[in-house]
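A.B. asks: Sending over a structure as structure tokens; questions will come in a sec.
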Amino acid sequence: MRIAVPAETDPAEARVAATPETVKKFIGLGASVTVESGAGLKSSFLDADYSAAGATIAQGPAATLADADIILRVRRPAGSELAGAKKGALLLAILDPYGHVDALQQLADAGVDAFAMELTPRITRAQVMDVLSSQANLAGYRAVIDAAAEYGRAVPMMMTAAGTVPAAKAFIMGVGVAGLQAIATARRIGAIVTATDVRPATKEQVESLGAKFIAVEDEEFKQAETAGGYAKEMSAAYQEKQKALTASHIAKQDIVITTALIPGRPAPKLITEDMIAAMRPGSVIVDLAAERGGNTALTRPGEKFVTGNGVTILGYLNIAGRLAATASSLYARNLLAFADAFIDKTNKTLAVNWDDEIVKATLLTKDGALVHPNFQKPA
């Protein structure tokens, strides 16, 4: 059983899909591991670190992929990047499938069995495989650090001989994994924190972290969560009520972090131009939904933008990747847990249970075809 870890080809991607720690554990499961030379450099993992863990270092993608049974990646490769991969090899990666059916078909044409790690179901035994949670946790932390770095004042209250410095006010919009970590981090560095979400279950979570919950708590609000734990899209009437509450609150904030995403949909617009115009000069917005178009009307994905009234909007992409070493370590452990379920520990061979609910939820391509029902091409 051979595992390949190619280098990421996106120049903006600093993460790597395996670490020396996970390489050693894969070898303990009976696998041989080949890592492309330089694959871990941006995450501070040297070729020598992988070699010491027992991996073979290969020069170039072709030598890395040759005869691999499992291919570990961070981002979806182009079909051409899988040239030389054997038919039926398992590809584990963040595949960003929504709206990219043609790219998924390329993976099918390449003959790999591709698993989208971000589609891992939210069930108890899959928690250790949940890449969305592991990476969102880091994104929430980094968002606060980036905001504090851009904010031109101290964040915590300081009492000095020259007078008192008031604490910054931070508002977190969206209380999923990223939002909860943002709340916790902002509280740690001394901000006065408020937060909002359309899911009623989050109120208790917010308050348990010492923040104040802000929302229109009507009957629709009480039903605003899917069985999978995601936020439902709210009615236009509710959105207007929430928008009015948000507008009055946001004008008083120094730091705003938005985290709202709906799977398979563009990011909802939470902050209008008028709301931004009402904010104080020097305020900072960090938009964690920039990769899906952003939660603000003025977000520029991939850019830092300063508005005419002096509000800074950070639309950085791949926020977790800005903590490459830590993000890689967590992501690599997610992949290890996922792949471990495919390995027969007695014979030390691949043994995929194609009827397993995790497999069915994440498998996109198999035997040269696009098999996931959500991503079939229209007839």
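According to my numbering, the sequence shown holds residues 14 to 392 in order.
Cβ atoms here follow ideal geometry from the backbone N, Cα and C, with glycine treated the same way.
1. Could you pull the DSSP bridge partners for Val-297 from this structure?
2. Taking the alpha-carbon positions, what's the Ala-31 to Asp-380 distance?
3. By Cβ distance below 8 Å, which residues in the same chain neighbour Ile-263 in space, the five residues on each side in sequence not counted?
4. Where does Asn-322 land, buried or exposed, given buried means 16+ other C-beta within 10 angstroms?
5. Going by DSSP, which residues form a beta bridge with Glu-49?
6. In whole angstroms, give me the CA-to-CA distance for Tyr-329 and Thr-359.
7. Restricting to Cα atoms, I'd like to know which of Gln-140, Thr-259, Ala-195 and Ala-181 is closest to Tyr-164.
8. Over the uninterrupted beta strand (DSSP E) stretch that includes Arg-86, give me the two end residues.
9. Going along the chain, which residues of its own chain have a beta-carbon closer than 7 Å to the beta-carbon of Ala-139, five neighbours each way excluded?
10. To the nearest angstrom, how far is the alpha carbon of Ala-396 from that of Ala-76?
11. Arg-357 by DSSP, collapsed to three states: which one?
12. Within 10 angstroms of the Cβ of Gln-266, are there 16 or more other Cβ atoms? Answer buried if so, exposed if not.
13. Does Met-172 come out as helix, strand or coil in the three-state DSSP assignment?
14. Give the DSSP-derived three-state secondary structure of Val-36 in the structure shown.
15. Expressed to the nearest angstrom, what Euclidean distance is found between the alpha-carbon atoms of Ala-280 and Ala-273?
16. In chain order, what residues of the same chain have a beta carbon less than 8 Å from the beta carbon of Leu-383, not counting five sequence neighbours either side?
17. How about Ile-136 and Ile-83: do their beta carbons lie closer than 8 Å?
18. Taking the DSSP output, what are the residues bridged to Leu-105?
19. Tell me whether Met-170 is buried or exposed, calling it buried when 16 or more other Cβ atoms sit within 10 Å of its Cβ.
20. Quick one: what does DSSP say Val-18 is sitting in, helix, strand or coil?
21. When the Cα of Pro-74 is compared with those of Met-172, Glu-21, Ile-107 and Phe-39, which residue comes out closest?
22. Taking C-alpha atoms, which residue in Phe-128, Pro-213 and Ala-167 lies nearest to Ala-374?
23. Can the beta-carbon of Ala-66 be found closer than 8 Å to that of Pro-33?
24. If I'm right that Glu-131 touches Val-144 with Cβ under 8 Å, what's the distance once you round it to whole angstroms?
25. Quick one: grab the DSSP three-state call for Leu-330.
26. Look at the Cβ atom of Ala-52, then the Cβ atom of Pro-19, and state whether they are nearer than 8 Å.
C.D. replies: Working from what's here:
1. Ile-268 and Thr-325
2. 26 Å
3. Phe-184, Val-269, Ile-284, Met-288, Ala-291 and Met-292
4. exposed
5. Ala-71
6. 46 Å
7. Ala-181
8. 83–88
9. Thr-133 and Ile-371
10. Since the first residue of the chain shown is 14 and the last is 392, residue 396 is not available in this structure.
11. Sequence check: residue 357 is Asp here, not Arg. In the structure shown, Asp-357 sits in a strand (DSSP, three-state: E or B).
12. buried
13. strand
14. helix
15. 7 Å
16. Val-114, Leu-117, Gln-118, Ala-121, Leu-377, Gln-389 and Lys-390
17. no
18. Leu-85 and Phe-128
19. exposed
20. strand
21. Glu-21
22. Phe-128
23. yes
24. 6 Å
25. coil
26. yes
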